[in-house]
Amino acid sequence: MDTVVKIGNISLGSGCPIVVQSMTNTDTNDVEATVAQAKRMVAAGAEMVRITVPTLHEVAALEQIKNRLRHDGCNVPLIADVHFSPAVAEACASIVEKVRVNPGNYVDRQSAADENMSDSEYQAALDKMAAKAKPLFDICREHGTVLRIGTNHGSLSRRIIGRYGNTPLAMAQSAMEWVEICQQNQFDNIVLSMKSSNVSTMIEATQLLHKMMTDRSTVYPLHLGVTEAGAGLEGRCKSAAGIGALLLNGIGNTIRVSLTEPPENETPFAHCLVNRVEKLKADISAGQIPYHIDEHRTLTVCSDATDMDALIADVASITGYEHYREKIRNLKIEAANFDQNTLQQLEDTILQACRIKMSRTEFISCPSCGRTRYDIMSVLEIVKQRFANYPGLKIGVMGCIVNGPGEMADADFGIVGGGEGKVVVYRGKERLTDNLPFDEALCKLEELCEEWKRNFRR
Ligand code: SF4
């Protein structure tokens, strides 16, 4: 049975239209700026607005933001983005329509010993999590608040990794543990998500979760997104490859295209993606399949798109979908409304987004949020220009030190926002420097990239 949840004035789930959402990146305590940005996002097509609430210090601001928006006639459902803290989640649950928690770090501890738990220790950890979550269910039930169980590949608990590895299966299991706890508490007002910056991981984890829920006869609504997708063409291609592949397969009820750009840029592309996938599904079910795969596993996609967003949506969705089903090796686009250079560039970018062919550096960058304390959009552009030519290397550019190191999960190197206007350099999850001015951090990054290139060539 597919369930439907009500989030303010929006119904989400089985048979309901797919809902487009986005997230503010202002400081939540800056009420004026956050209200203004939320209104711009709604004007650009956001049907739900998520706001970060890192600590109890932002809760009062969250309430003021909601009151200001409602006073001004803006009734968009609001979502509080909470990672760690039961106290923050409980406080937000009586204010906004939906609260997002991360099962990887909500209550679960993160010590190395947790990777080797016995069955009884594992069960005790689950019982503790269930006991800590119960008050949140009670508050949500009282206020009609929806909970999103938002699993991120980069912040799985050590307990789960110890049992299932750092895998898509671990992501799905992490969410299913929470589903079970919710059901034990007769709490069904939930939405789930599986996010990763790796398109294949995000698709596989979501498919697994969907199958697990189907096998248990209750399918809750799913939120789709490729996290840390980056900006520009790359960010749109990655997002469309992951989200579009799942939508084509009939999975997903709400989406966020997360870009390292102003959040009001996200929603027009998200709506375009939803519309183009609907058209593709209609064409396919009418027997007009707009692509084929030859014996060399080259996928050829034909598109009648007249603008770039629609072309990206068509080709990346089909590529993500087919690459997940049966691996493809190459991509050709036939689209009469575009020149060959544009098509070639798009082929390369989509092949890179799906990690089928890595012809340049991959950049993993978060959309930023109220936790970011430096100008991540300008910094990303500089990093992209300076480090473009390390094919196969993955570089992260992340907004904050709280979640950044975990969330750029499979980057080789990265810079992560530290103090005001400063960044810290990482190798994988290993912190290499203190807070550095940006120029010094780039020199360190260059050293690391050159060393990587020398070792790579050896
Ligand atoms: S990594 Fe980026 S999006 Fe995630 S919490 Fe930090 S600043 Fe916000």
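Residue numbers (our numbering): 680 to 1137. Beta carbons are placed, not taken as given, at the ideal position from N, Cα and C, and that holds for glycine.
Asked	Found
Should G829 and R749 be called a contact, given that it needs their Cβ atoms to be closer than 7 Å?	no
Ordered along the chain, which non-local residues of its own chain (more than five positions away) have a Cβ less than 8 Å from that of V728?	Q700, S701, M702, T703, A717, M720, V721, V755, P756, L757 and I758
Name the residue from R838, K917 and A792 whose alpha carbon lies nearest to the alpha carbon of M808.	R838
Check T885 in the structure and name its three-state DSSP category.	helix
Check the C-beta distance from L1138 over to S853 and give it rounded, since I have them as a contact under 8 Å.	Nothing in the structure corresponds to residue 1138, since the chain is present only between 680 and 1137.
Taking the alpha carbon of G692 as the reference point, which residue from Y1069, N868 and K1011 has its own alpha carbon closest?	N868
For the ligand SF4, enumerate in chain order all residues having a CB closer than 7 Å to any of its heavy atoms.	T731, C1045, P1046, S1047, C1048, R1050, T1051, M1077, G1078, C1079, V1081, N1082, G1083, E1086 and G1096
State yes or no: is the C-beta of K811 within less than 7 Å of the C-beta of P782?	no
Which residues does DSSP pair with S872 in a beta bridge?	G829 and H902
With DSSP as the reference, label L691 as helix, strand or coil.	strand
Looking at the structure shown, is Q1024 part of a helix, part of a strand, or coil, going by DSSP?	helix
Could you check if D894 is buried or exposed, using at least 16 other CB atoms within 10 Å of its CB as the buried criterion?	exposed
Just reading off the beta strand (DSSP E) that T731 is part of, what are its end residues?	M727 to T731
Restricting to Cα atoms, I'd like to know which of S875, T1051, L815 and L903 is closest to A864.	First, the residue type needs correcting, since residue 864 is Asn and not Ala in the sequence shown. Here the closest residue by C-alpha is L815.
Which residues does DSSP pair with F816 in a beta bridge?	Per DSSP, none; premise fails for F816.
Assuming the contact rule is C-beta atoms closer than 8 Å, S964 and P1046 should be a hit. Round their C-beta distance to whole Å, please.	Not really, about 34 Å apart at Cβ, beyond 8 Å.
According to DSSP, is V953 helix, strand or coil?	helix
Would DSSP call S1044 helix, strand or coil?	strand
Would you kindly check if the distance between the Cβ of A995 and the Cβ of A920 is under 7 Å?	yes
Could you please give me the residues that DSSP links to D760 through a beta bridge?	T731 and R779
Assign H1002 to buried or exposed, taking buried as 16 or more other Cβ atoms, counted over all protein chains shown, within 10 Å of its Cβ.	buried
How far does the alpha helix (DSSP H) with G999 in it reach, from first residue to last?	M987 to R1004
Rounded to the nearest angstrom, what separates K1006 and L978 at their Cα positions?	10 Å
Below 8 Å, can you find three or more Cβ-Cβ pairs linking the segment 1026 to 1042 to the segment 1061 to 1069?	yes
How about C951 and A1032: do their beta carbons lie closer than 7 Å?	no
Between which two residues does the beta strand (DSSP E) holding H971 run?	Y970 to I972
Tell me the DSSP secondary structure of S1057 in three-state form.	helix
Please classify H762 as buried or exposed, where buried requires at least 16 other C-beta atoms within 10 Å of its C-beta.	buried
For the 8 Å Cβ check, are there 3 or more pairs between the segment 874 to 888 and the segment 1049 to 1062?	no
Only counting the same chain, and skipping five residues up and downstream in sequence, which positions put a Cβ closer than 6 Å to that of G1071?	M1037
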